[in-house]
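Scroll down for the structure; my scribbles are underneath it.
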Amino acid sequence: MSTDDDAQAAATDMCCASCGNTEGDEVKLKTCAACKLVRYCSVKCQKEHRPQHKARCKERVAELHDEILFQQPESSHLGDCPICLLPQSLYHDDATMMTCCTKIICDGCKFANMAHEMEANL
Numbered sequence: 605m606s607t608d609d610d611a612q613a614a615a616t617d618m619c620c621a622s623c624g625n626t627e628g629d630e631v632k633l634k635t636c637a638a639c640k641l642v643r644y645c646s647v648k649c650q651k652e653h654r655p656q657h658k659a660r661c662k663e664r665v666a667e668l669h670d671e672i673l674f675q676q677p678e679s680s681h682l683g684d685c686p687i688c689l690l691p692q693s694l695y696h697d698d699a700t701m702m703t704c705c706t707k708i709i710c711d712g713c714k715f716a717n718m719a720h721e722m723e724a725n726l
C-alpha cells in the first residue's frame, strides 16, 4: 500500500462511509459492529450504505472468524514441547516424560520418535 492509500484510508476512517461527514463535537461516528471497517454518523446513513458495504462486510467477518478460530495460543501453563516448540496440551495424557532427561514432550514427538526407532530397528 502506498502513502497516498494510507492517507486516504486514514481520512475515510474519520468520516461517515455514506455521506462523508467528519467526526466532530456534534457528530460521533459509530463503527460497523460486524466488520469494524467503516463508520457511520447515523442509522439512516448505515441503512443507505448497506447495499454497497454488505459483500465486503461479510468477507471481513469471515476473515475475523478465521483469525480467531485458527489462532495458536502463545503457550500453556505447562510450557512448550522442547522438540517441536508447540504449546503443551492441557491434558496430561497427551504428554510423555522422557526418563533420560526428565523433559516432557508432546505425543506427536513421542510417536515420531517411536516411528524413527522402529524404522532404524533400535
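Under the numbering used here, the first residue of the sequence shown carries the number 605, and numbering increases by one thereafter.
Glycine residues also receive a C-beta, built at the ideal position from the N, C-alpha and C atoms.
This structure is a prediction, so every number in the text was calculated from the model and none was measured.
**Report entry** Endpoints, the beta strand (DSSP E) within which Met702 is located
**Finding:** Position 98 of the sequence shown, counting from 1, holds the residue named residue 702. Counting along the chain, Met702 falls outside any beta strand (DSSP E), and DSSP gives it neither H nor E.
Tell me, please, whether the segment 687-697 touches the segment 661-670 by the rule of three or more beta-carbon pairs shorter than 8 Å. Cβ pair count under 8 Å is below three, so no.
What is the rounded straight-line gap between the Cα of Cys688 and the Cα of Leu673?
As a first step, residue 688 is located in the sequence shown; it is residue number 84 there, counting from the start. As a first step, residue 673 is located in the sequence shown; it is residue number 69 there, counting from the start. Their backbone Cα atoms lie some 22 Å apart in a straight line.
If distances are taken between C-alpha atoms only, which option among Met722, Cys704, Gln675, Lys632 comes closest to Lys690?
Within the sequence shown, numbered from 1, the residue matching residue 690 stands at position 86. Here residue 690 is Leu; the residue named in the question, Lys, does not match the sequence. When each option's Cα is compared against that of Leu690, the closest is Gln675.
query: Are the beta-carbon atoms belonging to Lys634 and Arg643 less than 8 Å from one another?
result: Numbered from its first residue, the sequence shown carries residue 634 at position 30. Numbered from its first residue, the sequence shown carries residue 643 at position 39. Cβ atoms of Lys634 and Arg643: closer than 8 Å.
Taking just the CA atoms, how far does Lys632 sit from His657? Start at 1 with the first residue of the sequence shown, and residue 657 comes out as number 53. Start at 1 with the first residue of the sequence shown, and residue 632 comes out as number 28. Cα-Cα distance, rounded: 20 Å.
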